[in-house]
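Student: The structure follows.
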Amino acid sequence: MDINALLVLNGVEITEQTRKLATSHRVENNDLDLASGHIRRYAKPAMPIFDINWTYIPNASSMTIDLRAGRDYIYSLVSAGSLITARIQSDGYLLWKEYQCIVSSYNESLIRNDLTNQCRYYDMQLQLTVVS
Numbered sequence: 001m002d003i004n005a006l007l008v009l010n011g012v013e014i015t016e017q018t019r020k021l022a023t024s025h026r027v028e029n030n031d032l033d034l035a036s037g038h039i040r041r042y043a044k045p046a047m048p049i050f051d052i053n054w055t056y057i058p059n060a061s062s063m064t065i066d067l068r069a070g071r072d073y074i075y076s077l078v079s080a081g082s083l084i085t086a087r088i089q090s091d092g093y094l095l096w097k098e099y100q101c102i103v104s105s106y107n108e109s110l111i112r113n114d115l116t117n118q119c120r121y122y123d124m125q126l127q128l129t130v131v132s
């Protein structure tokens, strides 16, 4: 059974195991006071914000259901603190959109440490904000 990847971070497919993706938009307005006393408002293009959540995600890619990158890879991206290239599959198959993002927030909690197979399971929340 093949599972289509819907999320690629820096060229690496991220596991689809229990992943939830929500998109919102940040709208920014600038007000300019004119000499006539009027105010002119300029709206900047809305930049997407991606909220990605995983429940019970393993740390190792060898333990995910689709053998794609797990918690350890995502944590390494967050720790690096650099721009992340996110490719997200949109409305149809093979239609990808690419974004340059920064990590706005990252939270994780260890929910299970399985000693028999040397795997740790986490609940994770990752928020990516598009910068360009």
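Under this note's numbering, think of the first position of the sequence shown as 1, with each following residue one higher.
We treat Cβ as the ideally placed atom computed from N, Cα and C, and that holds for glycine.
If I follow the unbroken alpha helix (DSSP H) through V130, where does it start and stop?
Tutor: The residue you call residue 130 lines up with position 130 of the sequence shown. No alpha helix (DSSP H) contains V130, which is instead part of the beta strand (DSSP E) from C119 to V130.
Student: On the CB-based measure, 16 or more other CB atoms within 10 Å of its CB, does P58 come out buried or exposed?
Tutor: For this step, residue 58 is matched to residue 58 along the sequence shown. Looking at its Cβ environment, which holds 16 or more other Cβ atoms inside 10 Å, P58 is buried.
Student: Evaluate A69 with the Cβ neighbour count: other Cβ atoms within 10 Å of its Cβ, from every protein chain shown; 16 or more gives buried, anything less gives exposed.
Tutor: To locate residue 69, count along the sequence shown from 1; it is residue 69. Per the 10 Å Cβ criterion, buried.
Student: If contact is defined by three or more beta carbon pairs under 8 Å, each pair taking one atom from either stretch, is the region 118-129 in contact with the region 45-58?
Tutor: Yes: the two stretches touch, three or more of their Cβ pairs being nearer than 8 Å.
Student: Could you have a look at N95 and say whether DSSP puts it in helix, strand or coil?
Tutor: The count along the sequence shown starts at 1 and reaches residue 95 at position 95. Looking at the sequence itself, residue 95 is Leu, so the reference to Asn does not match. The answer is coil: DSSP assigns L95 none of H, G, I, E or B.
Student: Run through DSSP, which three-state label would R86 get?
Tutor: Mapped onto the sequence shown, residue 86 falls at position 86. Checking the sequence, you will find Ala at residue 86 rather than Arg. Strand at A86.
Student: What residues are listed by DSSP as bridge partners for K20?
Tutor: For the purposes of this step, residue 20 is taken as residue 20 along the sequence shown, with counting starting at 1. Answer by DSSP bridge pairing, in chain order: N53.
Student: Just how far apart, CA to CA, sit R71 and E98?
Tutor: The residue given as residue 71 occupies position 71 in the sequence shown. The residue given as residue 98 occupies position 98 in the sequence shown. Roughly 22 Å separates the two Cα atoms.
Student: Does the Cβ of L34 have 16 or more other Cβ atoms within 10 Å, making it buried, or fewer, making it exposed?
Tutor: In the sequence shown, the residue the question calls residue 34 occupies position 34. With fewer than 16 Cβ atoms within 10 Å of its Cβ, L34 is classed as exposed.
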